[in-house]
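Colleague: Here it is: the structure, laid out below.
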Ligand SMILES: *[C@@H]1O[C@H](CO)[C@@H](O)[C@H](O)[C@H]1NC(C)=O
Ligand SMILES: *[C@@H]1O[C@H](CO)[C@@H](O)[C@H](O)[C@H]1NC(C)=O
Ligand SMILES: *[C@@H]1O[C@H](CO)[C@@H](O)[C@H](O)[C@H]1NC(C)=O
């Protein structure tokens, strides 16, 4: 039997077992770090061989399998010094390693998971994040911070009141110790992606709802590619790309045109922020939005490409000093279909002085019908 099949079967068995006996033992969280989500409580020395963790239950609150290492900040790998973003400790998911924890949740509610990860030796690492029956493979490939640590997000809809969250490295490297470092796993309840406001046809157009961001994380959180049939940590929005992401940035650490959050388009034309909305063919609509910079040093002549449906396109230039600011832009169009796709892309790749990728931010996106003026009698 394939080890992954065994893991899947075992987690199904555990879910059934837990529903039966252990619901009380699980701590319910609506927002914040999971119990021992930063891995500061580690295994006893007797349960380790070097850095490798031997026992399935050696890390408090977690269940592990595969080649998993417990890493302390300042530890060396070849000549690379391993750093940990928070506290002193993290885990490394080597070949076929899984960490999992059971969560008490509310059925039919949407949740997002945020965790920090850092690539180590392989060029294209991946993580399979799952809450049965949903899963998503997150590319841990491009690095968006100078520290090498990025925060990633993923969302799911709870089908049961107790679920297993698992993060699995499906990789099979020659060196079994290769694989991403993981630290700080948190969860947040999301609003339903179907929630609409009366003055805006778009859902979550102001990006007030988004994945969890740690209070001391200054670099925002990445939202990986999300296609239409999956749930999005940015409710209402899809992220279309092969391996690239958008970045959700928060007001405490960034200049945000309005409210608590905005989206930074960090991957040029390799990634698109998309929402599909119902429209009436031949009727006129107005799409308006803010384009700016997050005050994170992304300087230069930035530009955003916007489109609505097949015909309406607009390029919005924005001169950034990297210190914050924005302007508003509008696109009026006549719908040609029942469904209109609103698409935002960064017109180009942009980088900061530390060579990390950055781009323009988008916020406060509104779509309203334009009513034809009544003819005067
Ligand atoms: C990811 O993990 C889930 C749960 O174990 C599994 O069902 C799914 O097939 C995996 N996806 C990939 C692409 O390996
Ligand atoms: C510890 O790892 C080394 C190197 O892989 C191996 O030779 C040894 O048998 C392991 N010891 C235990 C107790 O598993
Ligand atoms: C729009 O929807 C109507 C009714 O559902 C359907 O008859 C029509 O063919 C659709 N038009 C397009 C362009 O998809």
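Numbering (mature numbering (1 follows the signal peptide of the UniProt record, and there is no 0)), first residue to last: -28 to -1, 1 to 349. Here a beta-carbon is modelled for each residue, glycine too, at the ideal position from N, C-alpha and C.
#1: Taking residue 68 and residue 15 to be in contact with their CB atoms under 8 Å, please state how far apart those CB atoms are, rounded to whole angstroms.
#2: Quick check on residue -6: buried or exposed, where buried means 16 or more other Cβ atoms within 10 Å of its Cβ?
#3: Beta-carbon separation of residue 89 and residue 153 under 8 Å?
#4: What does the alpha-carbon distance come out to for the pair residue -8 and residue 2?
#5: Shorter than 7 Å, the distance from the beta carbon of residue 141 to the closest heavy atom of ligand 1, or not?
#6: Measuring only the C-alpha atoms, how far is residue -15 from residue 104?
#7: Using 8 Å as the threshold, is the stretch 41 to 48 in touch with the stretch 12 to 28, meaning 3 or more CB pairs across them?
#8: Below 7 Å CB to CB, which residues in the same chain sit around residue 168 once its five sequence neighbours on both sides are set aside?
#9: Would the beta-carbon of residue 303 fall within 8 Å of that of residue 329?
#10: How far does the beta strand (DSSP E) with residue 72 in it reach, from first residue to last?
#11: Which residues in the same chain have their Cβ closer than 7 Å to the Cβ of residue 270, if we skip the five residues on either side of it in sequence?
#12: Within the present structure, is the beta-carbon of residue 21 separated from the nearest heavy atom of ligand 2 by less than 7 Å?
#13: Let me know the secondary structure DSSP gives residue 18 once reduced to three states.
#14: Can you give the Cα-Cα distance for residue 231 and residue 339, rounded to whole angstroms?
#15: Taking the alpha-carbon positions, what's the residue 244 to residue 212 distance?
#16: Using the three-state DSSP reduction, which class does residue 24 fall into: helix, strand or coil?
#17: Our contact map puts residue 158 next to residue 6 with C-beta atoms below 8 Å; I'd like the distance itself, whole angstroms only.
#18: State buried or exposed for residue 97, treating a residue as buried only when at least 16 other CB atoms are found within 10 Å of its CB.
#19: Residues in the same chain with beta-carbon distance under 6 Å from residue 126, minus the five sequence neighbours each way, listed in chain order, please.
#20: When we look at the beta-carbon of residue 73 and count the other beta-carbons within 10 Å, is it buried (16 or more) or exposed?
#21: Near residue 30, what residues of its chain come up, given a Cβ to Cβ distance below 6 Å and the 5 sequence neighbours on each side ignored?
#22: Quick check on residue 236: buried or exposed, where buried means 16 or more other Cβ atoms within 10 Å of its Cβ?
#23: Can you tell me the Cα-Cα spacing of residue 217 and residue 206, whole angstroms?
#24: Assuming the contact rule is C-beta atoms closer than 8 Å, residue 280 and residue 305 should be a hit. Round their C-beta distance to whole Å, please.
#25: Where residue 233 and residue 27 are concerned, what is the direct C-alpha to C-alpha distance, given to the nearest angstrom?
Modeller: The relevant details are as follows:
#1: The residue labelled residue 68 in the question sits at position 96 within the chain shown. The residue labelled residue 15 in the question sits at position 43 within the chain shown. Actually they do not touch by this definition, with Cβ atoms about 19 Å apart.
#2: Here residue -6 is taken as the residue at index 23 of the chain shown, counted from 1. Residue confidence is low: residue -6 scores 40 on pLDDT, short of 50, so the model does not pin down where it sits. Its coordinate-derived value is still stated next. Exposed.
#3: As a position in the chain shown, residue 89 is number 117, starting the count at 1. As a position in the chain shown, residue 153 is number 181, starting the count at 1. Cβ distance < 8 Å, so residue 89 and residue 153 count as in contact.
#4: Counting from 1 along the chain shown, the entry for residue -8 is found at position 21. Counting from 1 along the chain shown, the entry for residue 2 is found at position 30. Its pLDDT being 43, under 50, residue -8 is placed unreliably by the model, and the measurement read from it follows with that caveat. If you take the alpha carbons of residue -8 and residue 2, they lie about 22 Å apart.
#5: Looking up residue 141 in the chain shown gives position 169. Not so, every heavy atom of ligand 1 lies at least 7 Å from the Cβ.
#6: Translated into the one-based positions of the chain shown, residue -15 becomes position 14. Translated into the one-based positions of the chain shown, residue 104 becomes position 132. Only weak support is given to the placement of residue -15: the predicted model assigns it a pLDDT of 49, under 50, and the value that follows is read from those uncertain coordinates. Their backbone Cα atoms lie some 11 Å apart in a straight line.
#7: yes
#8: Reading the chain shown from its first residue, position 196 is the one you call residue 168. 175.
#9: Stepping through the chain shown from its first residue, residue 303 is reached at position 331. Stepping through the chain shown from its first residue, residue 329 is reached at position 357. Their beta carbons are not under 8 Å apart, which means residue 303 does not touch residue 329 by this criterion.
#10: Working through the chain shown from its first residue, we reach residue 72 at position 100. It spans 70 to 76 - the beta strand (DSSP E) in which residue 72 sits, taken as one unbroken run.
#11: Within the chain shown, numbered from 1, the residue matching residue 270 stands at position 298. For residue 270, where only same-chain residues beyond five positions count, the Cβ hits under 7 Å are 292, 294, 322, 324, 330, 331.
#12: Working through the chain shown from its first residue, we reach residue 21 at position 49. Indeed, a heavy atom of ligand 2 lies less than 7 Å from the Cβ.
#13: Here the question's residue 18 lines up with position 46 in the chain shown. Reduced to three states, the DSSP call for residue 18 is helix.
#14: The count along the chain shown starts at 1 and reaches residue 231 at position 259. The count along the chain shown starts at 1 and reaches residue 339 at position 367. If I take the Cα positions, the gap works out to 18 Å.
#15: Taking the first residue of the chain shown as position 1, residue 244 is located at position 272. Taking the first residue of the chain shown as position 1, residue 212 is located at position 240. So the two alpha carbons sit approximately 5 Å from each other.
#16: Translated into positions along the chain shown, residue 24 becomes position 52. The answer is strand: DSSP assigns residue 24 an E or B state.
#17: Along the chain shown, read from residue 1 onward, the residue named residue 158 stands at position 186. Along the chain shown, read from residue 1 onward, the residue named residue 6 stands at position 34. Yes, they are in contact, since the Cβ atoms of residue 158 and residue 6 sit about 7 Å apart, within 8 Å.
#18: Counting from one through the chain shown, the residue named residue 97 turns up at place 125. With 16 or more other Cβ atoms within 10 Å, it is buried.
#19: As a working mapping, residue 126 is identified with position 154 in the chain shown. Cβ neighbours of residue 126 beyond the five flanking positions: 85, 101, 108.
#20: Here the question's residue 73 lines up with position 101 in the chain shown. With 16 or more other Cβ atoms within 10 Å, it is buried.
#21: The sequence position of residue 30 within the chain shown is 58, counting from 1. Excluding positions up to five away in sequence, the list reads 15, 19.
#22: Within the chain shown, the letter at position 264 stands for residue 236. By the 10 Å Cβ count, residue 236 comes out buried.
#23: On the chain shown, position 245 is the one that residue 217 refers to. On the chain shown, position 234 is the one that residue 206 refers to. Those two C-alpha atoms are separated by around 12 Å.
#24: Along the chain shown, one-based indexing puts residue 280 at 308. Along the chain shown, one-based indexing puts residue 305 at 333. Residue 280 to residue 305, Cβ: 5 Å. Contact.
#25: Your numbering for residue 233 matches position 261 in the chain shown. Your numbering for residue 27 matches position 55 in the chain shown. Distance between the alpha carbons of residue 233 and residue 27 is about 41 Å.
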